[in-house]
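As structure tokens, the structure follows; a few thoughts come after it.
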Amino acid sequence: MKIAVLGGLGLQGRAAIADLIASAGVEEVVCVDTARDGAARLGGLTDLARVRFVVPEGAIAPVLANVLAGVDAAIDLLPQPLMREAVQAAIATRTPLVTTNYGKTIADLAPAAEAAGVSIMTECGLDPGIDLVLYARAARQFDAITAIDSYCGGIPEPKAMAKPLCYKVSWNFDMVLMSQNRDSVLVENGKRVDVPAGQQHENRFIHEIEVAGLGRLEAFPNGDAPHYAGMLAAAKGLQRSGRYSLRWPGWSAFWAPLKELGFLSEDKVPGVGASPREFLGRLLGPQLQYGADEKDLCVMRNVFAGTQHGRRKTVMSDLIIERDLTSGLFGMSLGVGYPASIVAQMLARGEITEPGLLNPLLHVPDGRFLDELARRGIRVSETIDWD
């Protein structure tokens, strides 16, 4: 197999490339990135003899089309604004592609992908990604699902916490801040509840969960819960659902007043040339970097409640991914890069062939996928309780 990784020198891209090279059957990885020091960035991570570097110059669309025409599958880890061009190149060349970005931003390309007979797997990273595969797995264990609570977040290990934020950067900090400006949707008492971004950190939407070995973590809404629950036939009678980000306690108390004062605004400040959110990213990002001996933790929990055979039942899945200090790859990078690599290989081998815009919840074989994660040291624990 020949697989291209678009944006291959970023944090997630390097994890995906390392995994691809370590996988049987991958003959060559084409790394597409504007950075010119690819060998240095990947040095020590993988066998560079099977990595070919492509550095785009000028318009990126022709470069993408040329690269994708010569591979069996591709992984899109480019900046979100370039997602559309990557998907369009995949459609034009009929090359299966995995992207970790949200599918709704390219929903209009679905007919073209179907007409071309090409599979475009969207939302295939950590969250969304692994969690959606777990949705599909859990759904088969119920006759009816009445509640889904989904949690995920990247946090520093306890010894790496630094007040007042108790947070460090394991991915793009601008994206962390931008996610604070994203509206959310919950389901309460069977009804849709819209949570504007400005209310995201209000106390009525915040709660804590207990995680073994870590203690209490703060959860606040950050996603469209009914969108994903709506893909499950067993969840038609859903009464409660939420998608929540996890942080060490105190996160919302820190951000709520700053958000109210406009520090996360995207509006440019006259005479400054940057928005408050952009300024905060430049100010705080450099101060929130991990040391070489510090680990990030990706914590995920999904809780499903409902009935099976007339009895009430709860299924809870837990997952923690931590930084590999030997390679330096963050847990967040592994949590995004590994799923993208696994599914790209499935596409290249023809194990997933349905054309159009696909979603892990509906189109990734959960058993095989979770086995592949476990083989890479990422294991999901599952507990089942009957009432």
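Add 15 to a position in the sequence shown, counting from 1, and you land on the number used in my numbering.
Glycine included, each C-beta is placed from N, C-alpha and C at the ideal position.
Source: prediction; values computed, not measured.
- Membership of Q360 in the alpha helix (DSSP H) is indicated by the continuous run G346 to A363.
- If you check the CB distance, L24 and G59 do not come in under 7 Å.
- Counting along the chain, the unbroken alpha helix (DSSP H) around I145 starts and ends at I145 to A154.
- E233 places its beta carbon less than 7 Å from that of W266.
- For L372, the number of other beta carbons within 10 angstroms of its own is at least 16, and it is reported as buried.
- For Y166, the enclosing beta strand (DSSP E) covers residues A159 to P171.
- Excluding five sequence positions before and after T137, the CB atoms of its chain that fall closer than 8 Å to its own CB belong to T114, N116, Y117, G118, I121, L372, L373 and N374, given in chain order.
- With respect to the C-alpha of I399, the residue from A320, G346 and D386 having the closest C-alpha is A320.
- Straight-line measurement puts the Cα of M361 at about 13 Å from the Cα of G382.
- For R51, the secondary structure class from DSSP, reduced to helix, strand or coil, is coil.
- Scanning its chain for C-beta atoms nearer than 7 Å, with the 5 sequence neighbours on each side dropped, one finds around G213 the residues K274, in chain order.
- Between G392 and R338, the alpha-carbon positions lie close to 12 Å from each other.
- When DSSP states are grouped into helix, strand and coil, A320 belongs to the strand group.
- Taking 7 Å as the cut-off, the beta carbon of M347 is found no closer than this to the beta carbon of D308.
- If the five residues before and after L388 are omitted, its C-beta is found closer than 8 Å to the C-beta atoms of I145, Y353, P354, I357, R394 and V395, all from its own chain and listed in chain order.
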